Structures are given as C-alpha cells and as structure tokens.
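Asker:
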Amino acid sequence: MSVEHEKQRAAEAAAELVEDGMTVGLGTGSTVAHLLPALARRGLSLRCVATSPQTEEAALTLGLRVEPFGSIDCFDITIDGADQIASDGWLVKGGGAAHTREKIVAAAAARFVVIADSSKRVTALHPPVPLELLEFGLAATMRLLHPVSLRDAPRSPDGGVIADYHGAVDDPAGLAALLGATPGVVEHGLFPPTLVADVFVARGDSVEHHNHAKSQA
Ligand SMILES: O=C[C@H](O)[C@H](O)[C@H](O)COP(=O)(O)O
-14 MSVEHEKQRA AEAAAELVED GMTVGLGTGS TVAHLLPALA RRGLSLRCVA TSPQTEEAAL
46 TLGLRVEPFG SIDCFDITID GADQIASDGW LVKGGGAAHT REKIVAAAAA RFVVIADSSK
106 RVTALHPPVP LELLEFGLAA TMRLLHPVSL RDAPRSPDGG VIADYHGAVD DPAGLAALLG
166 ATPGVVEHGL FPPTLVADVF VARGDSVEHH NHAKSQA
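Each residue of the sequence shown is one higher than the last, beginning at -14 in our numbering.
1. Between residue 115 and residue 149, how many whole angstroms is the CB-CB distance? I'm expecting something under 8 Å.
2. Do residue 174 and residue 77 count as a contact pair if the criterion is CB distance below 8 Å?
3. Check whether the Cβ atoms of residue 117 and residue 89 lie closer than 8 Å to each other.
4. Any idea what DSSP makes of residue 187, helix, strand or coil?
5. Which word fits residue 131, buried or exposed, when buried means at least 16 other C-beta atoms lie within 10 angstroms of its C-beta?
6. With distances taken Cα to Cα, identify the nearest neighbour of residue 151 among 194, 5, 165 and 113.
7. Which of the three DSSP states is assigned to residue 10 in this structure?
8. Taking buried to mean at least 16 other C-beta atoms within 10 Å of its own C-beta, is residue 155 buried or exposed?
9. Can you give the Cα-Cα distance for residue 15 and residue 184, rounded to whole angstroms?
10. Which class does residue 164 belong to by DSSP, given the choice of helix, strand or coil?
11. Taking only the alpha-carbon atoms, compute the straight-line gap between residue -7 and residue 81 and give it to the nearest angstrom.
12. May I have the straight-line CA-CA distance separating residue -10 from residue 121, to the nearest angstrom?
13. Once DSSP output is grouped into helix, strand and coil, what is the label at residue 57?
14. Rounded to whole angstroms, what's the CA-CA distance from residue 139 to residue 38? Just pull it up for me.
15. For the alpha helix (DSSP H) that residue 22 lies in, which residues bound it at each end?
What follows is the structure in structure tokens.
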C-alpha cells in the first residue's frame, strides 16, 4: 500500500471529526493536502484558518472558507501532519518549515488532531529538529545552538530563518525547554504530548486512532 494512500486514509478519518459550524485550524504538508478535499467534500459550513500560504491557496481553490488569524481566537479543531510521532506522544514537526504557525494554531485548538502515514511512527525521536530563528544576531544564536545548520529553504511567511538542530533528542522535554529559552529562537518543531488530543496513523488500508484525552482520563 502506498504512502500516499495511507496519508489519504488518515486524513479522511480525521475529516469525519469535523462538524457543521466549526472553526478549523488547517496544518501544512502533503498529508494535509489530502485533508482539504476530504473536508471540502463534506459540504459543511466551516470557518478555517490556514498555517501556510500553500494551504490557504489549496483550501480556497476547493471552496473552503479561509479567514485571517485575527478574526478567530480559538478553534474547535486543528488537524495537521507530523514528521515524527514517538511512542510517548512527542512530535517533531516543521519538515515543511511551517512549525511556528502550526504550533500557534495547534495550541489555540480545543482538539488538536495529528494525521500521518505509518512511516511517521518512531520509537524515539531523532534529529533534526526544525527551528525558526530571528535574522537579528543569527550567527550568535546559531553558536548557542550548536550543532545546527541553516536549511536551504525560503524564509517563513513571518520572515524567520529556517534551520535544523542536529543534537540528540533523547530528552524531548529538556531540549524543548532549552530551545524555547534560547534568545533568537522564534520557535522549534518539538510538540509535547499535552498538545495532542488525537492521532490517526494509517497502516495499509486500516487507520489506528489514539485518543489521548481518553487514555489520559
Ligand atoms: O512544516 C511542515 C509540517 O510540520 C508538516 O505537518 C510536517 O512536515 C509533515 O508533513 P507531511 O504531511 O508532508 O509529511
């Protein structure tokens, strides 16, 4: 079964959670690219906010209503992909450099739902961890973050420089605290388990659904 088919299966399963009238945060990436048509097909009245120009353009083309993030201050649901999903619930995101906006939109959601193909499941997170850095003092920030490399990628829509941290990720909470406390780091791609309500991972034709809210209750 192809990876694209798995992405589509996970995206379609998550789209079923969305109800008429909801505010919806839309992630970014090739898995979200399958979510958008699945949402549009449902024909619901939704108010969506996109985490990237690519998602916004694709959503508008499909007839979804996309609003600026400013008219909406919270979401009923946000759905997004991930680069890595660890067995302890930590995520790495930002392979498409959208992690800063994605984290804001995930944190603003009553229910943050992750969709992925089976290749994204890992027993433990591994480098790189995507970063968005401020241009001001970039060399000094990078010195504090060693080992880090600049990514050959366009700036974020907010002007940030995209980089990748290559050190160990065996203590995600400790690393998240370190990266978050480093001046010049706009955001990093480590997403804690407390942010995530549901994970849909497709394996072949079937979709595993983990509801963290229920398993933590
Ligand atoms: O910046 C990009 C996002 O974090 C994506 O959600 C992540 O990279 C997964 O992307 P894809 O669905 O293309 O594997």
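Quick reminder that beta carbons are idealized off the backbone N, C-alpha and C, glycines included.
Quantities reported herein were computed from a predicted structural model and do not represent experimental measurements.
Answerer: Answer, in terms of the structure:
1. The count along the sequence shown starts at 1 and reaches residue 115 at position 130. The count along the sequence shown starts at 1 and reaches residue 149 at position 164. At roughly 6 Å, the Cβ-Cβ gap stays under 8 Å, so residue 115 and residue 149 are in contact.
2. Mapped onto the sequence shown, residue 77 falls at position 92. Mapped onto the sequence shown, residue 174 falls at position 189. Their beta carbons are under 8 Å apart, which means residue 77 touches residue 174 by this criterion.
3. Start at 1 with the first residue of the sequence shown, and residue 117 comes out as number 132. Start at 1 with the first residue of the sequence shown, and residue 89 comes out as number 104. Contact: no.
4. What you label residue 187 is simply residue 202 of the sequence shown in a count that begins at 1. Assignment of residue 187 by DSSP, reduced to helix, strand and coil, places it in the strand class.
5. Sequence index remark: in the sequence shown, residue 131 carries index 146 (1-based). In the assembly as shown, residue 131 is an exposed residue. Its beta-carbon has fewer than 16 other beta-carbons within 10 Å.
6. As a position in the sequence shown, residue 151 is number 166, starting the count at 1. Residue 151 has its Cα closest to that of 113, out of 194, 5, 165 and 113.
7. Here residue 10 is taken as the residue at index 25 of the sequence shown, counted from 1. Here residue 10 sits in strand by DSSP.
8. Within the sequence shown, residue 155 is the residue found at index 170, counting from 1. Result: exposed.
9. Locating residue 15 in the sequence shown gives position 30, where the first residue counts as 1. Locating residue 184 in the sequence shown gives position 199, where the first residue counts as 1. Answer to the nearest angstrom: the Cα atoms are 16 Å apart.
10. The residue given as residue 164 occupies position 179 in the sequence shown. Here residue 164 carries a helix assignment [DSSP, helix/strand/coil].
11. By one-based count along the sequence shown, residue -7 stands at place 8. By one-based count along the sequence shown, residue 81 stands at place 96. Cα-Cα distance, rounded: 18 Å.
12. Residue mapping note: residue -10 aligns to position 5 of the sequence shown, counting from 1. Residue mapping note: residue 121 aligns to position 136 of the sequence shown, counting from 1. Counting only the Cα atoms, residue 121 lies some 42 Å from residue -10.
13. Within the sequence shown, numbered from 1, the residue matching residue 57 stands at position 72. Residue state, collapsed to three classes: coil.
14. As a working mapping, residue 139 is identified with position 154 in the sequence shown. As a working mapping, residue 38 is identified with position 53 in the sequence shown. C-alpha separation (whole angstroms): 13 Å.
15. Stepping through the sequence shown from its first residue, residue 22 is reached at position 37. It spans 17 to 27 - the alpha helix (DSSP H) in which residue 22 sits, taken as one unbroken run.
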